[in-house]
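Quick note, the sequences are listed as chains P and A, same order. Once you know that position 213 of the first sequence is 755 in my numbering, the rest is easy, because the numbers rise by one and skip nothing. Once you know that position 123 of the second sequence is 736 in my numbering, the rest is easy, because the numbers rise by one and skip nothing. We treat Cβ as the ideally placed atom computed from N, Cα and C, and that holds for glycine. The structure presented is a predicted model; accordingly, all values stated were derived computationally and were not measured. In what follows, a structure is listed as structure tokens, so that the remarks can point back to it.
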Amino acid sequence: MNIAIIDYNSGNLASLQNSLESAVKNNKQAFEVKITAVPEEVIKADKVILPGVGDFFYCKNELLKINGMVDAINYFIKEKEKPFLGICIGMQLMAKVSYERKKNKGLEFIDSEVIIIESESKEIRVPHMGWNNVYLENKSKEKDFPSLKNNDFYFVHSYHMKCKNKNEVLASTNYGKKIVSAVIKDNLLGVQFHPEKSQEKGKKFLEEFLDWKPE
Amino acid sequence: MLKIRVIPCLDVKEGRVVKGINFIDLKDAGDPVEQAKIYDEQGADELCFLDITASIEKRDILLDIVNKTAKKCFMPLTVGGGVRKVEDIRKLLYSGADKVSINSAAIYDPQLIKDASNRFGKQCIVIAIDAKKTSKNSCKSGYEVFSHGGTKETNLDVVDWAKQCTDFGAGEVLLTSMDNDGTKRGFNIELTNKVTKSIKVPVIASGGVGELKHFTEGACETEASGLLAASVFHFGKFTINEVKKELNKNGVAVRL
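Next comes the structure, spelled out in structure tokens:
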């Protein structure tokens, strides 16, 4: 099985690859993890991961710079209907629109907007940085993603995704108020936290993604 | 609930972990990659890696160590020491650092904070501040910022400087009390509070830990988001786990 990590100059790919390879070791199937900037490789893959750190505006521009990459992502998600995972900005890019820096369209897979984390007290510092609980909201997915049932994951972000459809919220986290920490829509999965930086629980989640067979 | 972070720090000199008492009298505590692995296993919330004698010629050694460390660690990694240009930051991030801490270069070229923050996002730009008590009129908070590993006075007030850093796009402040560093008498509560009260980004308190109760003091008496220590962990005085158990026992939210 081929896993493609999209390389678009926007993230710490080495740590994601390390973490995935470590998760792969615990899996019975044979996996090959490939970092790629080639749209054809993305289309050919069995599972695709879109990482992303930094800001939405920058990441989107970098993604658009690769000729055919957005089309490949669209094709992979909508036509091939195979498992796709967005991490951090990679998840936020799935939104309809982001308000980071200025209003900017996303890839519009999930009816949502990306807005700043409001801080009304010194306890709610921004960026939201560190380990926080993730609570599974969509209980019907518990068998696929048991790791998301009240465990600590590592977060680092200043903006969060606000979803229109409640059933697309897979998990949430409390930071001042409830924020979305994972989304799901058919074969599309997104997490606001960084599984590749979340030690054992993060590896567990990546293993679950490797095993995931969307309905 | 967001947990307080317990952060071991590896002070590295020419590829080896050392820890100085008051920045001098260095002792060797081993291989940085091996140490990092131990901290990963102990459940550290983050790892900080400071190249304390960074120079351009030594840069490649650091990149190589960062790379090897990142391969063994599945926790966030902050790297600092001798960062002068946007290109230095890019190389460190590319080698596996998640955050880069800037100290002296930010003081002499604050535009670097802006450029780095715009290019890589504020979440990976940490400003390290070394501060020392002073009676200088220019430093209203009573603490002055020092550069170059604590050797040069800057006449900058620590609160003013911390505010300026966050205005320029710093995502986190790593605050070291030079008065307390290496003394084992606990964090500088007063200094930490002055800074946390004036800015909204997370602050990591550093300098002075000698006993378990110092972590509880740091967590309960300040608004620090993270507590950093070096020598107490290196020399095995206690483990990350023991620190977390102690914090938990005192009602502080930690990741166990």
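Worksheet item: Roughly how many angstroms separate the alpha carbons of Phe695(P) and Gly795(A), rounded to a whole number?
Response: 32 Å
Worksheet item: Residues of chain A with a CB under 8 Å from the CB of His699(P): which are they?
Response: Gln736
Discussion item. Any beta carbon from chain A within less than 7 Å of Gln741(P)'s own beta carbon?
Written reply: yes
Worksheet entry | Residue environment, Asn750(A), which counts as buried when at least 16 other CB atoms sit within 10 Å | It counts as exposed.
Worksheet entry | Test: Asn560(P) CB closer than 7 Å to a CB of chain A | So, interface residue.
Worksheet item: Got a sec: is the Cβ-Cβ distance from Ile634(A) to anything in chain P below 7 Å?
Response: Unreliable placement is indicated for Ile634(A), whose pLDDT of 44 sits below 50; no coordinate value is reported for it.
Discussion item. With a threshold of 6 Å on Cβ separation, who are the neighbours of Tyr717(P) within its own chain once the five nearest residues in sequence on each side are excluded?
Written reply: His670
Discussion item. Suppose the cutoff is 8 Å on Cβ atoms and the five residues either side in sequence are ignored; what does the same chain contact list for Leu825(A) look like?
Written reply: Only Phe851, Glu855, Val856, Glu859 meet the Cβ criterion.
Worksheet item: Can you name the residues of chain A whose CB is closer than 8 Å to the CB of Pro688(P)?
Response: The contacting residues do not exist; Pro688(P) stays about 18 Å from chain A at best.
Worksheet item: Using the beta-carbon count (16 or more within 10 Å), is Asp701(A) buried or exposed?
Response: buried
Discussion item. By the three-class DSSP mapping on this structure, what secondary structure does Gln741(A) have?
Written reply: Looking at the sequence shown, residue 741(A) is not Gln but Ala. Ala741(A) falls in the strand class under three-state DSSP.
Worksheet item: My guess is that Asn716(A) and Ala741(A) are in contact by the Cβ rule of under 8 Å, so how many angstroms apart are they, rounded?
Response: For a cut-off of 8 Å, the C-beta gap from Asn716(A) to Ala741(A) is around 4 Å, short enough to register as a contact.
Worksheet entry | Lys727(P) to Ser819(A) span [Cα, whole Å] | 43 Å
Worksheet item: Hey, Met611(P) and Val733(P): beta-carbon distance below 7 Å or not?
Response: 7 Å or more divides the Cβ of Met611(P) from the Cβ of Val733(P).
Worksheet item: Interface residues of chain D around Val808(A) at Cβ under 8 Å?
Response: The question asks about chain D, but that chain is absent: this structure's protein chains are P and A.
Practice prompt. Between the Cα of Lys624(P) and those of Leu690(P), Lys586(P), Asn693(P), Lys745(P), spot the shortest distance and give me the residue it belongs to.
Written response: Lys586(P)
Discussion item. Under 9 Å, CB to CB, which of the residues in the segment 754-784 of chain A have a partner in chain P?
Written reply: Correct list: Gly784.
Practice prompt. Using beta-carbon positions only, say whether Lys698(A) and Cys737(A) come within less than 7 Å of one another.
Written response: no
Fill in: Where Arg672(A) falls: helix, strand or coil (DSSP)
helix
Worksheet item: Going straight from the alpha carbon of Leu675(A) to that of Ala842(A), what length do you get?
Response: 20 Å
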